[in-house]
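Chemist: Those protein sequences? They're chains A and B, same order as listed. Start counting the first sequence at 1; every next residue gets the next number (the working numbering). Start counting the second sequence at 1; every next residue gets the next number (the working numbering). The beta-carbon is built from N, C-alpha and C at its ideal position, and this holds for glycine as well. Predicted, not measured: the structure shown is a model, and the values here were computed from it. Pasting a structure here, questions to come.
Protein chains: 2
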Amino acid sequence: MPKYQKQFRILVAVNCIIFGFDGTELKILLVKRDLEPEKGKWSLMGGFITEKENFDRGGSRILKQLTGLEGVYMEQLHAFGHPDRDPNERTISVAYFALIDIHKFENLINSDYHAEWFPIKKIPKLVFDHNNMVTKARERLRYKSAFHPILFELLPEKFTLPQLQSLYEGIFDTEFDKRNFSRKIQSTKLLVKQKDKDRESSKKGAYYYKLDKRRYAANLHAFLNIIPNPVIFNRL
Amino acid sequence: MPKYQKQFRILVAVNCIIFGFDGTELKILLVKRDLEPEKGKWSLMGGFITEKENFDRGGSRILKQLTGLEGVYMEQLHAFGHPDRDPNERTISVAYFALIDIHKFENLINSDYHAEWFPIKKIPKLVFDHNNMVTKARERLRYKSAFHPILFELLPEKFTLPQLQSLYEGIFDTEFDKRNFSRKIQSTKLLVKQKDKDRESSKKGAYYYKLDKRRYAANLHAFLNIIPNPVIFNRL
DNA sequence: ATAATAAGTGTTGTAAATACATTTATTTAT
DNA sequence: ATAAATAAATGTATTTACAACACTTATTAT
Chain A
1 MPKYQKQFRI
11 LVAVNCIIFG
21 FDGTELKILL
31 VKRDLEPEKG
41 KWSLMGGFIT
51 EKENFDRGGS
61 RILKQLTGLE
71 GVYMEQLHAF
81 GHPDRDPNER
91 TISVAYFALI
101 DIHKFENLIN
111 SDYHAEWFPI
121 KKIPKLVFDH
131 NNMVTKARER
141 LRYKSAFHPI
151 LFELLPEKFT
161 LPQLQSLYEG
171 IFDTEFDKRN
181 FSRKIQSTKL
191 LVKQKDKDRE
201 SSKKGAYYYK
211 LDKRRYAANL
221 HAFLNIIPNP
231 VIFNRL
Chain B
1 MPKYQKQFRI
11 LVAVNCIIFG
21 FDGTELKILL
31 VKRDLEPEKG
41 KWSLMGGFIT
51 EKENFDRGGS
61 RILKQLTGLE
71 GVYMEQLHAF
81 GHPDRDPNER
91 TISVAYFALI
101 DIHKFENLIN
111 SDYHAEWFPI
121 KKIPKLVFDH
131 NNMVTKARER
141 LRYKSAFHPI
151 LFELLPEKFT
161 LPQLQSLYEG
171 IFDTEFDKRN
181 FSRKIQSTKL
191 LVKQKDKDRE
201 SSKKGAYYYK
211 LDKRRYAANL
221 HAFLNIIPNP
231 VIFNRL
């Protein structure tokens, strides 16, 4: 077979924007970059694509390297290809965003990397174009979660409605009426009320809910329309 | 500066899914591939990324090469990176989709390429993973156009409401009530009624409309909700 | 017993979406 | 000149979805 001889070849990386929610704030997991250039600066977790893997697998591999987690919600975000984005050598990067249960991560943390959670509103200056990636990931998460039930991926198996609401409020940077919010969420029939309560965050305690996994799997692509007024999108 | 010596480098291409609407059907512009492997087979327009361009520019360049058009609606769709997608040598491709006014194309067609419009429902077997790209582009177009006013990009400057409706109906593969459709479209205030009529497609004639460009520019990211029931997404 | 805290719940008004049928302008055939 | 055919244009009534709003309940600490 002939080869595409004259064309030039480029380094291909994958980066992950890893979201977590600690009950109060939306956070992103960052690492200190361990190779030159820009060694020691904060960065998204990433790595070069290997010869036999596709992007999805590369993304999963890199997520697992850092967090130990598999089977996590992950989605291709965008391919970044500015010729000068890595000053060392031209490198394109396919960015993925992942939603993880922050508590699972704490158990599995890989100490080969120096990783830290940063609140989404206090992201430091990152290497290359990683701040752009974060911005785009935030926009996508906001957009997608306005219509699709994906935010459950950020919560532990059992969670309360007030927790869920504060997650939505954090992402949309606004407040919702708890009666209307509860009604909308319940109307999806994705949640199953448990008999026990979370007694950490209030005196009365809030009932736990779990996802109805069968329904959830069937409704991943369904529409919810949880957000009162979509105009919200214009202010990130 | 150090180099990323050990990593391997990959060919990077851009492909364009070019949509057009002839008044009746949604179509895609395909070319006969002019290099080995798979020479002579139907393919999406594409090309390798050059040393100094980013993806958006590569996409625009490739679209212009074939159609002569610039300033066209274009959006990054997805990066395709299966290791065997091109059997000749590993090549990743960043796919873009473009919406063009099919009539503008007819004037500017570049005879270096053998290009043809194919109805979206009669796309032939394409090279590599291009059929996957087309499927993904269709899904994206459907998804996006359900909420955002982008389908005007497929129509000429002056168009009628019945034309617009049949475009929507083609994309969603269903029929809408014309009274409700008209009301929804008008409620966006994006259209300006003209004094003249299109007399081609009916005896009575249908009034032309033009986009209110100022409002349109301001509303690109606005939400419309033209589609009665979003369940439609599940059947492509 | 009382105060403090956050959870939980119901109703009513308003706006949006849907379903549905007749009239109008024009051309063509008789 | 009239009638038939064709597709465009238009209005209303009903249903449904959404948003606004306030009080009661369970529990703990004093």
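Strictly below 7 Å CB to CB, what residues from chain B border G59 of chain A?
Modeler: Neighbours of G59 of chain A on chain B: none; closest Cβ ~10 Å, over 7 Å.
Chemist: Give the list of continuous beta strand (DSSP E) stretches no shorter than 3 residues that lie fully inside the region 166-228 of chain A.
Modeler: Here the runs fully enclosed are 191-198, 206-211.
Chemist: Check whether chain B comes within 8 Å of L69 of chain A, counting only Cβ atoms and requiring the distance to be less than that.
Modeler: Not one chain B Cβ lies under 8 Å of L69 of chain A.
Chemist: Spell out whether any CB of chain A is found under 8 Å from the CB atom of K144 of chain B.
Modeler: No, its Cβ sits nowhere closer than 8 Å to a Cβ of chain A.
Chemist: Counting contacts by CB-CB distance shorter than 8 Å, is Q65 of chain B in contact with chain A?
Modeler: Not one chain A Cβ lies under 8 Å of Q65 of chain B.
Chemist: With three or more beta-carbon pairs closer than 8 Å as the criterion, would you say the region 193-200 of chain B touches the region 104-124 of chain B?
Modeler: No contact exists between the region 193-200 of chain B and the region 104-124 of chain B.
Chemist: So with CB distances below 7 Å, who are the chain B contacts of I92 of chain A?
Modeler: Result: V12.
Chemist: In chain A, which residues lie with their C-beta within 7 Å of the C-beta of H78 of chain B?
Modeler: In chain order: Q76.
Chemist: Select from the region 128-158 of chain A all residues with a C-beta closer than 7 Å to any C-beta belonging to chain B, and list them in chain order.
Modeler: Those residues of the region 128-158 of chain A that come within reach of chain B (Cβ to Cβ, closer than 7 Å) do not exist; the list is empty.
Chemist: Nearest to G239 of chain A by CA position, among A:E36, A:G71, A:S93, is which residue?
Modeler: Because chain A in this structure spans residues 1 to 236, residue 239 of chain A falls outside the shown range and cannot be described.
Chemist: Tell me, to the nearest whole angstrom, how far the beta carbon of Y113 of chain B is from that of L66 of chain B; I am working on the premise that it is less than 8 Å.
Modeler: Sure, about 6 Å apart at Cβ, within 8 Å.
Chemist: Give me, in chain order, the residues of the same chain whose beta-carbon lies closer than 6 Å to that of Y73 of chain A; leave out the 5 immediate sequence neighbours on both sides.
Modeler: Counting only Cβ-Cβ distances below 6 Å, and skipping sequence neighbours, we find L99, E153.
Chemist: Contact check, L211 of chain A vs L224 of chain A under 8 Å by CB: the rounded distance?
Modeler: About 14 Å; that fails the 8 Å criterion.
Chemist: Select from the region 38-52 of chain B all residues with a C-beta closer than 9 Å to any C-beta belonging to chain A, and list them in chain order.
Modeler: Hits within the stretch, in order: F48, I49, T50, E51, K52.
Chemist: Going by other Cβ atoms of all chains shown within 10 Å of its Cβ, with 16 needed for buried, is L35 of chain A buried or exposed?
Modeler: Per the 10 Å Cβ criterion, exposed.
Chemist: Out of curiosity, what's the CA-to-CA distance linking K39 of chain A and V14 of chain A?
Modeler: Roughly 18 Å between the two C-alpha positions.
Chemist: Taking Cβ-Cβ distances shorter than 9 Å, what residues in chain B pair up with H82 of chain A?
Modeler: Residues of chain B passing the Cβ test: N54, F55.
Chemist: Under the three-state reduction of DSSP, which class applies to G59 of chain A: helix, strand or coil?
Modeler: In the structure shown, G59 of chain A sits in a helix (DSSP, three-state: H, G or I).
Chemist: Between the alpha carbons of I120 of chain B and H130 of chain B, how many angstroms are there, rounded?
Modeler: Taking the straight line from one Cα to the other gives about 13 Å.
Chemist: N15 of chain B lies in the beta strand (DSSP E); which residues open and close that run?
Modeler: Segment 9-21, the beta strand (DSSP E) holding N15 of chain B.
Chemist: Taking 8 Å as the threshold (beta carbon to beta carbon), is F172 of chain B in contact with chain A?
Modeler: Output row for F172 of chain B: interface = no.
Chemist: Following the continuous alpha helix (DSSP H) through V31 of chain B, name the residue where it begins and the one where it ends.
Modeler: Looking at the DSSP string, V31 of chain B is not in any alpha helix (DSSP H); the run it does join, the beta strand (DSSP E), is 26-32.
Chemist: Taking only the alpha-carbon atoms, compute the straight-line gap between P83 of chain B and N180 of chain B and give it to the nearest angstrom.
Modeler: About 48 Å.
Chemist: On the CB-based measure, 16 or more other CB atoms within 10 Å of its CB, does A146 of chain B come out buried or exposed?
Modeler: Classification for A146 of chain B: buried.
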